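Just below is one structure, and these are the notes that go with it.
Number of protein chains: 2
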Amino acid sequence: MSRILTVAGAQLGPIAKAETRAEVVERLLVLMKEAKRHDADLIVYPELALTTFFPRWFMEDEAELDAYYETEMPSAETAPLFAEAKRLGMAFVLGYAERDGDKRFNTAILVENGEIVLKYRKVHLPGHAEHEPWRAFQHLEKRYFEVGNLGFPVTHAVGANVGLAICNDRRWPETYRVMGLQDVELIALGYNTPLHNPPAPVHDALGLHHNTLVMQSGAYQNATFVVGIAKCGVEEGVMQIGGSQIIAPSGETIAQATTLEDELIVARCDLDLCTSYKSSVFNFAAHRRPEAYDLITSRTGAIPPAKKA
Amino acid sequence: MSRILTVAGAQLGPIAKAETRAEVVERLLVLMKEAKRHDADLIVYPELALTTFFPRWFMEDEAELDAYYETEMPSAETAPLFAEAKRLGMAFVLGYAERDGDKRFNTAILVENGEIVLKYRKVHLPGHAEHEPWRAFQHLEKRYFEVGNLGFPVTHAVGANVGLAICNDRRWPETYRVMGLQDVELIALGYNTPLHNPPAPVHDALGLHHNTLVMQSGAYQNATFVVGIAKCGVEEGVMQIGGSQIIAPSGETIAQATTLEDELIVARCDLDLCTSYKSSVFNFAAHRRPEAYDLITSRTGAIPPAKKA
Chain D
1 MSRILTVAGA QLGPIAKAET RAEVVERLLV LMKEAKRHDA DLIVYPELAL TTFFPRWFME
61 DEAELDAYYE TEMPSAETAP LFAEAKRLGM AFVLGYAERD GDKRFNTAIL VENGEIVLKY
121 RKVHLPGHAE HEPWRAFQHL EKRYFEVGNL GFPVTHAVGA NVGLAICNDR RWPETYRVMG
181 LQDVELIALG YNTPLHNPPA PVHDALGLHH NTLVMQSGAY QNATFVVGIA KCGVEEGVMQ
241 IGGSQIIAPS GETIAQATTL EDELIVARCD LDLCTSYKSS VFNFAAHRRP EAYDLITSRT
301 GAIPPAKKA
Chain H
1001 MSRILTVAGA QLGPIAKAET RAEVVERLLV LMKEAKRHDA DLIVYPELAL TTFFPRWFME
1061 DEAELDAYYE TEMPSAETAP LFAEAKRLGM AFVLGYAERD GDKRFNTAIL VENGEIVLKY
1121 RKVHLPGHAE HEPWRAFQHL EKRYFEVGNL GFPVTHAVGA NVGLAICNDR RWPETYRVMG
1181 LQDVELIALG YNTPLHNPPA PVHDALGLHH NTLVMQSGAY QNATFVVGIA KCGVEEGVMQ
1241 IGGSQIIAPS GETIAQATTL EDELIVARCD LDLCTSYKSS VFNFAAHRRP EAYDLITSRT
1301 GAIPPAKKA
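So the sequence lines, in the order shown, correspond to chains D and H. The end of the first sequence is residue 309 by our numbering, with every number in the run present. The end of the second sequence is residue 1309 by our numbering, with every number in the run present.
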């Protein structure tokens, strides 16, 4: 008996600064109802899916900044999403900015039967913490968010072992591996990735290549499906890459978006394909050698070898 | 001033069981002299480059097995390679089966100025330890080799921070990361990869995809060049994949073999391209979070989350 999970990825086009959460939730609901027509069990929305990508601006006014964060989930504006998902019998993954007391996080949740069954707070915050006016736009995630304090949890939900990650997390093999060691079968991750990286503009043309490369290798090397979903297109003057895709444990992309707009992609994910890899080339118990990996947890930055005299 | 290292990859076609080491070394010398015509600073040969890939056979006779191992390096048969490399001013990487007292290893060395300046013993041994007659051919690396006991060392040689890996090591992100944390700029690795994997034949058609995927992601995620060189073609009735390639820190393949024979590939590797990535997206000191990576060193095999009642 194969275990087929039908997964929808809900890529979002730009969200304008002036757009209200109620307007955004209406877009999310349109995509959810479309996904239902394809009999989806799960729909994955991007990172920070309720507002424009606000870390592109330097804000000194705390009240202005706080307006982008949710202090409860569901909130009044997102309650219709929870209700409709429950009514449709669909699980969803949603990214949003979370305010928890005096701490702020870049957060994603998995909601099943209308209840939050998994929460993740972004660990790998990219960008910078101080205003850098020389940039065409800011990327102040290191200023506006704390480093996630929940690790990389995996839970059994929607019939699979599911984990979450967010945007820059996907570039780090540690992200996938920590979940792989929890036997993850599906990793859902959303992203907002500007095409232009001000400190390294020579890399800009490779954005989609890198996006696919890191998600395919993370999937293959951990024998898991990866569902990577973008908010993309020109948002408040900044181009963000699309390239949303669903990747099998074979490292093959099995569904991919082609626009920079709201776009639904769908794939039938046979979870038994994970087993095929987990029991052969990526049988961790048989092949991993943690005694050789010490530096991965004992060292943070790179230290070069001594040069000979 | 850019730091250009001209690197040659010496893919090898099959080596017959009856072929002598002297005959093989002659092939290696032909490729070395070709590389010199392209002004190569370094030439990389495959894994177990001196003999046929003997772990495909179950051998009970210790003397028959021992005949595949080197007890000294250089040996009488490989001394001409060391001498010619020194004469040409070229460094080389060579893989071979090493017997050290009563221990056997799958080993690679980096030789500069005719001297061994780096030795690595394969950590991730694939295959199995017992005879499995149901297989079309054996893969007895876990029987014929000990797990490498030298870690993943990186040394400064040929003007770069250089590390070594062997075959199955390339599928494991830990391999690259441990060297990345030593500021590696070039990883040389050889492989012998049968197209057919008896325990998982449904993966066979993806061999080249996986080969490229893991080496490109290892290069990009650690901001290093990766030089991956195959022994390939139909060797003693077993097809092995080619796909030898030189990959830049951008994750782009900049030279690639197209045959399944002895074939030289060459690339000018600008080591300063490493810096571009090491100082931005993969500035480890700025972005890594080892406190979230504990499972990578504390757990070997995967353990699934509890299923809810």
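Each residue gets a CB set at the ideal place from its N, CA and C atoms; glycine is no exception. Remember, it's a predicted structure, so these values are computed and weren't measured experimentally.
Taking all protein chains shown into account, do 16 or more other C-beta atoms lie within 10 angstroms of the C-beta of residue i, making it buried, or fewer, making it exposed?
i: Leu1164 (chain H); result: buried
i: Ile116 (chain D); result: exposed
i: Arg1177 (chain H); result: buried
i: Trp1134 (chain H); result: exposed
i: Gly301 (chain D); result: exposed
i: Arg121 (chain D); result: buried
i: Lys1033 (chain H); result: exposed
i: Pro1173 (chain H); result: buried
i: Lys278 (chain D); result: buried
i: His210 (chain D); result: buried
i: Arg288 (chain D); result: buried
i: Pro201 (chain D); result: exposed
i: Lys308 (chain D); result: exposed
i: Glu1098 (chain H); result: buried
i: Ala1063 (chain H); result: exposed
i: His139 (chain D); result: buried
i: Asp1061 (chain H); result: exposed
Just checking my contact of residue i with residue j at CB under 8 Å: how many whole Å lie between their CB atoms?
i: Lys1142 (chain H); j: Leu1125 (chain H); result: 5 Å
i: Phe1054 (chain H); j: Tyr1068 (chain H); result: 5 Å
i: Thr224 (chain D); j: Pro249 (chain D); result: 6 Å
i: Thr155 (chain D); j: Leu118 (chain D); result: 5 Å
i: Asn106 (chain D); j: Ile166 (chain D); result: 6 Å
i: Gln182 (chain D); j: Ile1303 (chain H); result: 7 Å
i: Arg56 (chain D); j: Glu236 (chain D); result: 7 Å
i: Leu94 (chain D); j: Leu29 (chain D); result: Actually they are not in contact, since the Cβ atoms of Leu94 (chain D) and Leu29 (chain D) sit about 12 Å apart, beyond 8 Å.
i: Ala1091 (chain H); j: Ala1157 (chain H); result: 7 Å
i: Glu72 (chain D); j: Tyr96 (chain D); result: The pair is not a contact, with the Cβ atoms about 11 Å apart (cut-off 8 Å).
i: Tyr1293 (chain H); j: Ile296 (chain D); result: 6 Å
Helix, strand or coil for residue i per DSSP?
i: Arg3 (chain D); result: coil
i: Leu273 (chain D); result: helix
i: Asp1183 (chain H); result: coil
i: Ile1015 (chain H); result: coil
i: Val158 (chain D); result: coil
i: Lys307 (chain D); result: coil
i: Leu1206 (chain H); result: helix
i: Leu81 (chain D); result: helix
i: Phe225 (chain D); result: strand
i: Asn1192 (chain H); result: coil
i: Asp100 (chain D); result: strand
i: Glu26 (chain D); result: helix
i: Leu94 (chain D); result: strand
i: Met32 (chain D); result: helix
i: Val1281 (chain H); result: coil
i: Ile254 (chain D); result: strand
i: Gln1216 (chain H); result: helix
i: Lys122 (chain D); result: coil
i: Arg299 (chain D); result: coil
i: Asn106 (chain D); result: strand
i: Arg1268 (chain H); result: strand
i: Leu1042 (chain H); result: strand
Between which residues of its own chain and residue i is the CB-CB distance below 6 Å, once the five residues before and five after are set aside?
i: Gly228 (chain D); result: Leu189, Met215, Gln245
i: Glu1291 (chain H); result: none
i: Pro1194 (chain H); result: Val1238, Gln1240
i: Asp1039 (chain H); result: Thr1006
i: Gly1180 (chain H); result: Asn1222
Please list, in chain order, all residues of the same chain as residue i whose beta carbon is under 7 Å from its beta carbon, the five residues on each side excluded.
i: Leu208 (chain D); result: Ile241, Gly243
i: Glu146 (chain D); result: Lys103, Arg104, Phe105
i: Ala1160 (chain H); result: Leu1005, Glu1185, Leu1186, Leu1271
i: Asp169 (chain D); result: Lys122, Val123, His124, Thr175, Leu189
i: Thr20 (chain D); result: none
Note down, in chain order, each residue of its chain lying with its Cβ closer than 8 Å to the Cβ of residue i, except the 5 sequence neighbours on either side.
i: Glu1130 (chain H); result: Arg1143
What residues in the segment 134-160 of chain D bring their beta carbon closer than 7 Å to a beta carbon of chain H? Val147, Gly151, Phe152, Val154, Thr155, His156
Counting only Cβ-Cβ distances shorter than 8 Å, please list the residues of the segment 234-261 of chain D near chain H, keeping chain order. Ser250, Gly251, Glu252
Using a beta-carbon distance cut-off of less than 9 Å, what residues from the segment 1275-1296 of chain H approach chain D? Ser1276, Tyr1277, Lys1278, Ser1279, Ser1280, Val1281, Phe1282, Asn1283, Phe1284, Ala1285, Ala1286, His1287, Arg1288, Arg1289, Pro1290, Glu1291, Ala1292, Tyr1293, Asp1294, Leu1295, Ile1296
Contact list for the segment 1104-1127 of chain H against chain D, Cβ threshold 9 Å: Val1117, Val1123, His1124, Leu1125, Pro1126
Selection of the segment 185-217 of chain D by Cβ proximity to chain H, strictly under 8 Å: Asn197, Pro199, Ala200, Val202, His203, Leu206, His209, His210, Leu213, Val214, Gln216, Ser217
Please list, in chain order, the residues of the segment 1025-1057 of chain H that have any C-beta partner in chain D closer than 9 Å. none
Quick one, which residues of the segment 67-98 of chain D are near chain H if we go by CB-CB under 7 Å, in chain order? none
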